[in-house]
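Protein chains: 2
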Amino acid sequence: MVSIKDVARLAGVSDKTVSRVVNKEPNVHADTLQRVEAAIASLGYVPNMAARLIRSNRSRTFGIITDFISTTPYSGDIVRGIQDWANANGRTVFLANTNGSHERERETWRTFQSHRIEGVLFVTMYHRVIDPEPDDVQIPTVLVNCRPGSKKSNVSIEPDDFQGSRDLTRHLLGRGHRRIGYIRLNPRLLGAELRYEAFRETVRDAGLCERDIDVRLGMDGEIGEENNYVFAAAREILTQPKRPTAIVCGNDEMALQVYIAALGLGLNIPNDVSIVGFDDFRTVSHALKPELTTAALPYYDLGYCGAERLERLLEGEDLEPKHAMLPCRLIERGSVGAV
Amino acid sequence: MVSIKDVARLAGVSDKTVSRVVNKEPNVHADTLQRVEAAIASLGYVPNMAARLIRSNRSRTFGIITDFISTTPYSGDIVRGIQDWANANGRTVFLANTNGSHERERETWRTFQSHRIEGVLFVTMYHRVIDPEPDDVQIPTVLVNCRPGSKKSNVSIEPDDFQGSRDLTRHLLGRGHRRIGYIRLNPRLLGAELRYEAFRETVRDAGLCERDIDVRLGMDGEIGEENNYVFAAAREILTQPKRPTAIVCGNDEMALQVYIAALGLGLNIPNDVSIVGFDDFRTVSHALKPELTTAALPYYDLGYCGAERLERLLEGEDLEPKHAMLPCRLIERGSVGAV
DNA sequence: TTGTAGGCGTTATCAT
DNA sequence: ATGATAACGCCTACAA
Chain A
1 MVSIKDVARL AGVSDKTVSR VVNKEPNVHA DTLQRVEAAI ASLGYVPNMA
51 ARLIRSNRSR TFGIITDFIS TTPYSGDIVR GIQDWANANG RTVFLANTNG
101 SHERERETWR TFQSHRIEGV LFVTMYHRVI DPEPDDVQIP TVLVNCRPGS
151 KKSNVSIEPD DFQGSRDLTR HLLGRGHRRI GYIRLNPRLL GAELRYEAFR
201 ETVRDAGLCE RDIDVRLGMD GEIGEENNYV FAAAREILTQ PKRPTAIVCG
251 NDEMALQVYI AALGLGLNIP NDVSIVGFDD FRTVSHALKP ELTTAALPYY
301 DLGYCGAERL ERLLEGEDLE PKHAMLPCRL IERGSVGAV
Chain B
1 MVSIKDVARL AGVSDKTVSR VVNKEPNVHA DTLQRVEAAI ASLGYVPNMA
51 ARLIRSNRSR TFGIITDFIS TTPYSGDIVR GIQDWANANG RTVFLANTNG
101 SHERERETWR TFQSHRIEGV LFVTMYHRVI DPEPDDVQIP TVLVNCRPGS
151 KKSNVSIEPD DFQGSRDLTR HLLGRGHRRI GYIRLNPRLL GAELRYEAFR
201 ETVRDAGLCE RDIDVRLGMD GEIGEENNYV FAAAREILTQ PKRPTAIVCG
251 NDEMALQVYI AALGLGLNIP NDVSIVGFDD FRTVSHALKP ELTTAALPYY
301 DLGYCGAERL ERLLEGEDLE PKHAMLPCRL IERGSVGAV
């Protein structure tokens, strides 16, 4: 591998002068500069970050730790957001996936530390509470899409499921719906409770009472191998004599099943029944006809802002609030009608 | 940051002895070993990879370059496969996303080179041909989910779209279907041609003729903002007097739209019409009722095997064939009936 | 404006 | 079995 010395020799200067050129330091004669730059180009010299790091102790790298990948399709957007921020700010990114194993997570922290990574973004693939590992390793960390469970008070950034669900519910109420079905997410998901609470509170504030809403559990069990009651629940809700005029689904995947159930019963969406989802899984929400009204999770921004917060943390800034929330955006498409 | 010298001092040995312990070299007395390990633990020493790299010239890192993220939901599995291989083989992984920008790609190669990354996995998010950049940088590279377009002969690994489509078509023929509709993928996708060719060849070999099949274009235009004709095409196919008994869809997203169209027309799946997809987007294929018969792309294995190939490339092995293919797996669920 | 000496944390080499 | 010394590529501090 060609080093700074090779360049120096070719350009007929000392290695320090080459170093000056590479780091754009002042006080280099124009002629010298040209000779050095020519030598760099002709040899294809690229600075060795490792050598640089050893002196400066600044690796300019972040690490990303993810727990699971691909249970939710669009959460790769979080990683994309982090990268875009990193690119724009001269940082490079290590990636590690734990597959949910604490053993692997421990190893990962050590590996990252051995690379002298300056900060870590701990990214979970669904919104949840994590019980942080006992810290053998102390690298500044920002939690993305999750929040710390116990005493530990890490900086974090999360989507505002509550606000998203409230907006969806208000949208329905605004269109005149007064009898509403609700299909709940797997209770193991943090979003399940937040979205459900927002729904209850919002319909109550609007003056609806218990018998105006019809709540069913859509899924439960281990994430990734859950029991799925959505299709059956949707059929039950929709075959009642006095069926609701709208159904709120825990997410778009559930909404898809409700569509299938409704269409199978010969119902028209949105004339016979309105449907809303959550998450904006575009593969689903765009493909459904009519397209699905839903709330988009701010995945990309979670990553981008998370990286930004990490940088500020490293600069010693005091982050207030420690736990930031990013709003979900209501996306009106065709699946909601007026009553 | 605690260094090998601190450990040596505390353990009362030379730094080289500590180095031996850390690297599990032989010829260390049991007592010494214990003392050193105790010192390492009590100081929380973690080796500095940068310093190690500077001497050994082996970074033990791979880089992943992705083009787009999140257009296809499950392609994050490729990255997961790479990581699992890396974890199992003591390598750490850098990640960079180009968002399709050549400028960014160029920078990325340089950044990777400055980190002395030993090999690169170039991952595309849909199966396609790439026109490789003029190589300023020479790092051993394996193409994953894509193949080199021009003269350049990189090692690559791809899914076998042709075989997957042939298996799906044979499955339909085996169930007695003789009038079959086909909805084509966006022609810009490499999979579009491969899947379509396999379909044509397979039905022809089975003795069907042109008027037995009904082929429509499902999408075209720029990836990510394509024109979508699927729903309309499906309705046309299904409202013909002599409609096909089965429809083959370019992918699961299209199959979803065909479901919606069929159900909206009051048709029963699979009694009135059978449907098959491609890709096994589980968010869709599992949520549909009946669940969708499809062909799963070997995303995870593409990543895992791609990393393995890269390692062998680095070891100087001669990879034959240079362009490997991984099979797609037929997944029978409920959307195909017998005629 | 340019160069020299020394050191960062680690490993290779050679000695003891 | 253990240690001394040099070297890796670069940068800091200082000198010329």
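In the order they appear, the protein sequences are chains A and B. So the first sequence is numbered by the UniProt record's numbering: it starts at 1 and just counts up by one. So the second sequence is numbered by the UniProt record's numbering: it starts at 1 and just counts up by one. For each residue, glycine too, the CB sits at the ideal point set by N, CA and C.
When the options are compared against residue i, the one with the closest alpha-carbon
{"i": "N154 (chain A)", "options": "A:V120, A:A232 and A:L326", "result": "A:V120"}
{"i": "L238 (chain A)", "options": "A:V144, A:D214 and A:I40", "result": "A:D214"}
{"i": "D205 (chain B)", "options": "B:A41, B:L217, B:I223 and B:R178", "result": "B:R178"}
{"i": "Y74 (chain B)", "options": "B:F281, B:T124 and B:A295", "result": "B:F281"}
{"i": "L33 (chain B)", "options": "B:V46, B:A50, B:S14 and B:A51", "result": "B:S14"}
{"i": "G334 (chain A)", "options": "A:Q83, A:R309, A:M325 and A:K289", "result": "A:K289"}
{"i": "D77 (chain B)", "options": "A:Q83, A:T66 and A:W85", "result": "A:T66"}
{"i": "T294 (chain B)", "options": "B:W85, B:D272, B:I247 and B:I139", "result": "B:I247"}
{"i": "R309 (chain B)", "options": "B:K242, B:N27, B:T61 and B:P140", "result": "B:P140"}
{"i": "S274 (chain B)", "options": "B:E210, B:D220, B:G174 and B:V79", "result": "B:G174"}
{"i": "N23 (chain B)", "options": "B:A96, B:R52 and B:G44", "result": "B:R52"}
{"i": "L297 (chain A)", "options": "A:D279, A:R312, A:G12 and A:E311", "result": "A:D279"}
{"i": "I40 (chain A)", "options": "A:M49, A:V21, A:V142 and A:A232", "result": "A:V21"}
{"i": "A96 (chain B)", "options": "A:T92, A:N97, A:T98 and A:A96", "result": "A:T92"}
{"i": "E315 (chain A)", "options": "A:E118, A:N57, A:W85 and A:Q113", "result": "A:E118"}
{"i": "G221 (chain A)", "options": "A:A86, A:K16, A:F122 and A:N186", "result": "A:N186"}
{"i": "M219 (chain A)", "options": "A:Q113, A:Y182 and A:R312", "result": "A:Y182"}
{"i": "N145 (chain A)", "options": "A:G164, A:L190, A:S59 and A:E103", "result": "A:L190"}
{"i": "G12 (chain A)", "options": "A:L313, A:M1, A:E37 and A:L292", "result": "A:E37"}
{"i": "P327 (chain A)", "options": "A:P47, A:G164, A:D272 and A:R312", "result": "A:G164"}
{"i": "R35 (chain B)", "options": "B:P26, B:T17 and B:A50", "result": "B:T17"}
{"i": "N48 (chain B)", "options": "A:M49, A:R116 and A:Q240", "result": "A:R116"}
{"i": "V123 (chain B)", "options": "B:T111, B:E105, B:S114 and B:Q113", "result": "B:E105"}
Unbroken alpha helix (DSSP H) run spanning residue i, endpoints
{"i": "I223 (chain A)", "result": "Careful: I223 (chain A) lies outside any alpha helix (DSSP H) and carries neither H nor E."}
{"i": "M49 (chain B)", "result": "M49 to S56"}
{"i": "T108 (chain A)", "result": "H102 to S114"}
{"i": "G191 (chain B)", "result": "L190 to D205"}
{"i": "D6 (chain B)", "result": "I4 to A11"}
{"i": "T283 (chain B)", "result": "R282 to S285"}
The beta strand (DSSP E) enclosing residue i, as first and last residue numbers
{"i": "N97 (chain B)", "result": "T92 to N97"}
{"i": "residue 366 (chain B)", "result": "The structure shown does not extend to residue 366 (chain B), since chain B spans only 1 to 339, so no value can be given for it."}
{"i": "Y126 (chain A)", "result": "G119 to I130"}
{"i": "C146 (chain A)", "result": "T141 to P148"}
{"i": "A324 (chain B)", "result": "H323 to P327"}
{"i": "A246 (chain B)", "result": "A246 to C249"}
{"i": "D160 (chain B)", "result": "V155 to D160"}
{"i": "S274 (chain A)", "result": "S274 to V276"}
{"i": "I40 (chain A)", "result": "Taken as a continuous stretch (DSSP letters only), I40 (chain A) belongs to no beta strand (DSSP E), being part of the alpha helix (DSSP H) at A30 to L43."}
{"i": "Y182 (chain A)", "result": "I180 to R184"}
{"i": "A261 (chain B)", "result": "No beta strand (DSSP E) holds A261 (chain B); the alpha helix (DSSP H) holding it covers D252 to G264."}
{"i": "T61 (chain A)", "result": "T61 to T66"}
Close Cβ partners of residue i (< 8 Å) along its chain, the five nearest in sequence each way excluded
{"i": "G81 (chain B)", "result": "Y299, Y300, D301, L302, G303, Y304, C305, G306 and A307"}
{"i": "E236 (chain A)", "result": "R216"}
{"i": "G44 (chain A)", "result": "V2"}
{"i": "F62 (chain B)", "result": "I82, A86, R91, T92, V93, F94, I117, E118, G119, V120, L121, A307 and L310"}
{"i": "L265 (chain B)", "result": "R235, L238 and T239"}
Same chain, Cβ closer than 7 Å to residue i, five either side skipped, listed in chain order
{"i": "R188 (chain B)", "result": "I223"}
{"i": "R100 (chain B)", "result": "As written in the sequence, residue 100 (chain B) is Gly, which differs from the Arg given in the question. Taken in chain order, the residues that qualify are D67 and F68."}
{"i": "L330 (chain B)", "result": "D167, L168, H171 and A295"}
{"i": "S59 (chain A)", "result": "L53, H115, R116, I117 and E118"}
Own chain, CB closer than 6 Å to residue i, minus 5 neighbours either side, in chain order
{"i": "T245 (chain A)", "result": "H177, R179 and V339"}
{"i": "G90 (chain B)", "result": "none"}
{"i": "V284 (chain B)", "result": "D252 and L256"}
Contacting positions in the region 110-128 of chain B - beta carbon closer than 7 Å to chain A: Within the region 110-128 of chain B, the residues whose Cβ lies closer than 7 Å to any Cβ of chain A are, in chain order, R110, T111, Q113, S114, H115 and R116.
Sufficient close CB pairs (3 or more, under 8 Å) joining the region 149-159 of chain A to the region 122-132 of chain A: yes
Cβ-based contacts, 9 Å cut-off: residues of the region 234-253 of chain B near chain A: D252 and E253
Contacting positions in the UniProt domain "HTH lacI-type" (2-56) of chain B - beta carbon closer than 8 Å to chain A: G44, V46, P47, N48, M49, A50, A51, L53 and I54
Interfacial residues, the region 79-97 of chain B to chain A, with Cβ spacing under 8 Å: V79, R80, Q83, D84, N87, T92, V93, F94, L95, A96 and N97
Residues within the region 273-296 of chain B neighbouring chain A, beta-carbon criterion of under 7 Å: Of all residues in the region 273-296 of chain B, only F281, T283, V284, A287, L288 and K289 come within less than 7 Å of chain A when Cβ atoms are compared, listed by chain position.
Residues of the region 198-231 of chain B whose Cβ lies closer than 7 Å to any Cβ of chain A, in chain order: F231
At least 3 beta-carbon pairs within less than 8 Å: the region 159-166 of chain B vs the region 180-200 of chain B: yes
Cβ contact check for the region 317-334 of chain A and the region 4-11 of chain B: 3 or more pairs under 8 Å: no
Contact list for the region 169-202 of chain A against chain B, Cβ threshold 9 Å: none
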